[in-house]
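S.K.: Here's a structure for you.
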Amino acid sequence: MFNASRFDMECLNEQAKGGFIAEVTSTDDVSKKYGILKRFAFDAAHQRSSTIVEELETKKRFVVVKGSPEAICAISTSTPADLLQNVHTYSADGFYCIGFGMKELNSSTIPIDKIVRDDVECTVEFQGLAIFKNELKQETKGMLDELQNAKIDVRIITGDNALTAVHVCRELEMSLKPKIAVVDVDASSGNTVFISADTVKTSATAEWESFSNNTMDRIMTKYDLAITGAALEKNRIDCGDNTIQRIIKQTPIFARVRPQQKTWIVEQLIDMGLIVGMCGDGTNDCGALKAAHVGLALSSAEASIVAPFTSKAKAILDIPVLLREGRCALTTSFQSFKFMCLYPIIQLGMTVVLAHIGTSAGSELILTNNQYVWDDMAIVLGLSIAMLYTGPTSKLSPEKPPNTLFSPTIVMSIVGQVLIFTAGFASALAVLHHEGSWFCSIKDALAYVNDGDLTVPSGCAVFKDYDMEAMEYSYEGSTTWLFVHLSYIVVAIAFNIVKDSFRLPVYTNRIFTVLTILVLAVNLWFLLDTSGLINDSFQVMPIPFSFRWKLLLLFIAELVLATAWELVATRLLPKL
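Below is the structure:
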């Protein structure tokens, strides 16, 4: 815009002669030079900014005001009769219109620092309009399509003209009704009125109709709304809370809104129970960015200070990226929560069952320290960390992850896995007690070692080689540890192998995949090894290979059932 004015500008320091902060010089044949004395920054509430200049040759001072056409009209002494219709026409074609006004200041004796903007931004002479075409970025439509295909409700909240916003929405092919009603406040009557966006573009004499409680139902059934900040404020005064919430919920386009109104709109959407994200790149967006559940700043200026997230690329394409990352993080957190719920339940199950068996035998039966350390450090710790590194999908899904830890899918998943573990553990112990040729219960072992009871099974003779006072060796304890610690791996695999709509397949998480294979291989070696290499380190009894093979089959069955249940609980039941 400045280049089109054919002026050159030179910025000066504060101590420059004449008190000027900058000088501008015309590059036309008739050279004119002006000094800039003071600037009043853009005020979103008034939708205008102004600059006080002095012509260096004549010493005359002027105030030049620019802003929205409506704001300039409001402070102008006169305007062309067809101004607003021209503004409507340009805006409906997607052009951005900026109005200009100017007046000469009568007195140059008032100190420049004493001048108040309200005293100079009034009774100006309308100078004209500057028309801009702001082309949409190529990636914008693709980004919006991705959001809409994912069934994400998209709203536009802007300080621009409502007709410009409507044009942009149609260019982007937003999911809108064929007809859009522009809702505004009539300047003469102060009432809320509406008109079709297509009508106001083509007809200078089209009449605006009343937008009231009596006509609202009909209008909102037939049209999508593009409501201005002034109309929204008017309805806040005239209508009840329920009506206001209905208007906000069904309005896709908010135009000519002030920063405070942007924040209020976001807060109202949140009060309706919606999860609200907001993106913006200017100072006017700061309040809304902070109020939203998720704020994404598209600049490194003021907006980035208050927004939780800032786009490094300063591009709107980061919106789907943020959503994908957020959904992936939430889903991963739930998976980690489920795993960490099953971990103590499985460990508690082992402890309680062994304690019960030991108590029944008149002694104390527990897992050894080495067994606990292996389970906690070698299995659970590594898997619980590695599963967190699965990345997000490359495309947004229409599905949404659970929003609470007590969602039916999470509760059913945990309950089902607990039942499957319980069934597997009980089956392993049941099979153990039916091994008659070599099995000796801890009760019989104590009777044989301590009392010399020879009526116990012949397999109890092996216990004469063990220290029974420490109670570290038993067939029940060995079977429990060899089988049940595989259940940690079972639930880790089941929770991650079932593909969801928010994370990449588990095999893309190389850390988790390699670690799972490694841990599974080592623990299967523990299960099937009959050489006795780990017996002393982990206090394991010499168990025949035939029984170890049965435990392997039970492990495979538990893994299949756990994976199948996870598929049912998280993928099939939610669709019913």
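Following the working numbering, the numbering of the sequence shown begins with 491 at its first residue and continues without gaps.
Just so it is clear, CB atoms sit at the ideal spot from N, CA and C, and this is done for glycine as well.
With DSSP as the reference, please indicate the residues paired to CYS501 in a beta bridge.
M.R.: Your numbering for residue 501 matches position 11 in the sequence shown. For CYS501, which the question treats as bridged, DSSP gives the partners ALA512.
S.K.: By DSSP's criteria, GLU962 is part of a beta bridge. Which residues make up the other side?
M.R.: Taking the sequence shown and counting its residues from 1, one reaches residue 962 at position 472. DSSP output for GLU962 lists no bridge partner at all.
S.K.: Is the segment 687-704 close to the segment 665-675, with three or more CB pairs under 8 Å?
M.R.: A contact exists between the segment 687-704 and the segment 665-675.
S.K.: Pull the bridge partners of PRO882 from the DSSP assignment, please.
M.R.: Walking along the sequence shown from the start, residue 882 turns up at place 392. Beta-bridge pairing links PRO882 to ARG993.
S.K.: Just checking, does the segment 704-721 make contact with the segment 603-616 on the three C-beta pairs under 8 Å criterion?
M.R.: The segment 704-721 vs the segment 603-616: no contact.
S.K.: Determine the burial state of VAL905: buried for a count of at least 16 other Cβ atoms within 10 Å of its Cβ, exposed for fewer.
M.R.: In the sequence shown, the residue the question calls residue 905 occupies position 415. Classification of VAL905: exposed, given that the 10 Å Cβ count is below 16.
S.K.: Of the choices LEU1057, PHE973, ILE809, whose alpha-carbon is the least far from that of VAL1030?
M.R.: Here residue 1030 is taken as the residue at index 540 of the sequence shown, counted from 1. Closest by alpha carbon: PHE973.
S.K.: Could you tell me which residues DSSP puts in a beta bridge with CYS930?
M.R.: Mapped onto the sequence shown, residue 930 falls at position 440. According to DSSP, which records beta bridges pairwise, CYS930 is partnered with nothing at all.
S.K.: Look up GLU792 in the DSSP assignment and say whether it is helix, strand or coil.
M.R.: As a first step, residue 792 is located in the sequence shown; it is residue number 302 there, counting from the start. In the structure shown, GLU792 sits in a helix (DSSP, three-state: H, G or I).
S.K.: For the alpha helix (DSSP H) containing ALA677, list its first residue and its last residue.
M.R.: Mapped onto the sequence shown, residue 677 falls at position 187. ALA677 -> no alpha helix (DSSP H), and no H or E assigned at all.
S.K.: Let me know if PRO891 comes out buried or exposed under the rule of 16 or more other beta-carbons within 10 Å of its beta-carbon.
M.R.: Position 401 of the sequence shown, counting from 1, holds the residue named residue 891. Looking at its Cβ environment, which holds 16 or more other Cβ atoms inside 10 Å, PRO891 is buried.
S.K.: State the start and end residues of the unbroken alpha helix (DSSP H) segment that holds LEU634.
M.R.: By one-based count along the sequence shown, residue 634 stands at place 144. 628-639 is the span of the alpha helix (DSSP H), which, as asked, contains LEU634.
S.K.: Consult DSSP for CYS818 and reduce its assignment to one of helix, strand or coil.
M.R.: Within the sequence shown, numbered from 1, the residue matching residue 818 stands at position 328. Reduced to three states, the DSSP call for CYS818 is helix.
S.K.: Whose C-beta lies closer than 8 Å to the C-beta of TRP860 among residues of the same chain, with five residues either side of it excluded?
M.R.: Here residue 860 refers to the residue found at position 370 when the sequence shown is read from its first residue. Position check: residue 860 holds Asn in this sequence, whereas Trp was assumed. For ASN860, where only same-chain residues beyond five positions count, the Cβ hits under 8 Å are SER1027, PHE1028, GLN1029.
S.K.: Under 8 Å: do the segment 860-878 and the segment 896-912 share three or more Cβ pairs, one atom per stretch?
M.R.: Touching, no, given that fewer than three Cβ pairs across the two stretches are closer than 8 Å.
S.K.: What's the gap between the Cα of ILE738 and the Cα of ASN725?
M.R.: Position 248 of the sequence shown, counted from the first residue, corresponds to residue 738. Position 235 of the sequence shown, counted from the first residue, corresponds to residue 725. About 11 Å.
S.K.: Answer with buried or exposed for TYR713, where buried requires no fewer than 16 other C-beta atoms within 10 angstroms of its C-beta.
M.R.: Within the sequence shown, residue 713 is the residue found at index 223, counting from 1. Label assigned to TYR713: buried.
S.K.: Tell me which residues share the same chain as GLN505 and place their Cβ nearer than 6 Å to its Cβ, disregarding the 5 neighbours each side in the sequence.
M.R.: For this step, residue 505 is matched to residue 15 along the sequence shown. In this prediction, GLN505 has a pLDDT of 48, which is less than 50 and means its spatial position is unreliable; nothing more can be read from the coordinates.
S.K.: How would you label LEU855, buried or exposed, when you count the other beta carbons within 10 angstroms and need 16 or more for buried?
M.R.: In the sequence shown, counting from the first residue as 1, residue 855 sits at position 365. So LEU855 ends up on the buried side.
S.K.: How should ALA916 be labelled, buried or exposed, when 16 other C-beta atoms within 10 angstroms of its C-beta is the threshold for buried?
M.R.: Translated into positions along the sequence shown, residue 916 becomes position 426. Exposed is the call here.
S.K.: Secondary structure at GLU1048, three-state DSSP: helix, strand or coil?
M.R.: By 1-based counting over the sequence shown, the position of residue 1048 is 558. Correct three-state label for GLU1048: helix.
S.K.: Which residues share a DSSP beta bridge with GLU615?
M.R.: Here residue 615 is taken as the residue at index 125 of the sequence shown, counted from 1. Answer by DSSP bridge pairing, in chain order: MET592.
S.K.: Since LEU1041 and ALA918 should fall inside the 8 Å C-beta cutoff, what is the C-beta to C-beta distance between them, to a whole number of angstroms?
M.R.: For this step, residue 1041 is matched to residue 551 along the sequence shown. For this step, residue 918 is matched to residue 428 along the sequence shown. The Cβ separation is near 6 Å, so the contact holds.
S.K.: In chain order, what residues of the same chain lie with their CB nearer than 8 Å to the CB of THR733, ignoring the 5 residues before and after it?
M.R.: Here residue 733 refers to the residue found at position 243 of the sequence shown. The answer, listed in chain order, is ASN703, MET706, ASN725.
S.K.: Leaving out five residues before and five after ILE809 in sequence, what residues of the same chain have Cβ atoms less than 8 Å from its Cβ?
M.R.: Within the sequence shown, the letter at position 319 stands for residue 809. Excluding positions up to five away in sequence, the list reads MET633, LEU637, GLY767, CYS769, LEU786.
S.K.: When the Cα atoms are used, what is the spatial distance from ILE709 to PHE744?
M.R.: To locate residue 709, count along the sequence shown from 1; it is residue 219. To locate residue 744, count along the sequence shown from 1; it is residue 254. Roughly 16 Å separates the two Cα atoms.
S.K.: What residues in its chain sit with their C-beta under 6 Å from that of SER991, if we drop five residues either side in the sequence?
M.R.: The residue you call residue 991 lines up with position 501 of the sequence shown. Closer than 6 Å at the Cβ level, and outside the excluded window around SER991, lie SER887, GLU889.
S.K.: Taking 8 Å as the threshold, find out whether the segment 795-806 comes into contact with the segment 820-830 through three or more Cβ pairs.
M.R.: Contact fails: fewer than three Cβ-Cβ distances are below 8 Å.
S.K.: With a threshold of 16 other CB atoms inside 10 Å of the CB of GLY926, please say whether the residue is buried or exposed.
M.R.: Numbered from its first residue, the sequence shown carries residue 926 at position 436. Exposed: under 16 other Cβ atoms inside 10 Å.
S.K.: I think ILE542 touches VAL555, with their Cβ atoms under 8 Å apart; what is that distance to the nearest whole Å?
M.R.: The count along the sequence shown starts at 1 and reaches residue 542 at position 52. The count along the sequence shown starts at 1 and reaches residue 555 at position 65. So it is not a contact: roughly 10 Å between Cβ atoms.
S.K.: Note down the Cα distance separating LYS522 from ALA512, rounded to an integer number of angstroms.
M.R.: One-based indexing of the sequence shown puts residue 522 at position 32. One-based indexing of the sequence shown puts residue 512 at position 22. Going from the Cα of LYS522 to the Cα of ALA512 covers about 14 Å.
S.K.: Does the distance from the CB of PHE590 to the CB of ILE565 come in under 8 Å?
M.R.: Numbered from 1 along the sequence shown, position 100 holds the residue referred to as residue 590. Numbered from 1 along the sequence shown, position 75 holds the residue referred to as residue 565. Not closer than 8 Å, so no.
S.K.: What runs of the alpha helix (DSSP H), each 4 residues or longer, lie entirely inside the segment 847-884?
M.R.: Qualifying alpha helix (DSSP H) stretches, in chain order: 859-863, 872-876.
S.K.: Please state the DSSP three-state secondary structure of PHE915.
M.R.: The residue given as residue 915 occupies position 425 in the sequence shown. Of the three classes helix, strand and coil, the one that applies to PHE915 here is helix, per DSSP.
S.K.: Looking at PHE911: is its Cβ nearer than 8 Å to the Cβ of SER977?
M.R.: By one-based count along the sequence shown, residue 911 stands at place 421. By one-based count along the sequence shown, residue 977 stands at place 487. For PHE911 and SER977, yes; Cβs fall inside 8 Å.
S.K.: Contact defined as beta carbons within less than 8 Å: I believe PRO1072 pairs with GLY719. What is the distance between those atoms, to the nearest angstrom?
M.R.: Missing from the structure shown is residue 1072; the chain here goes from 491 to 1066 and no further.
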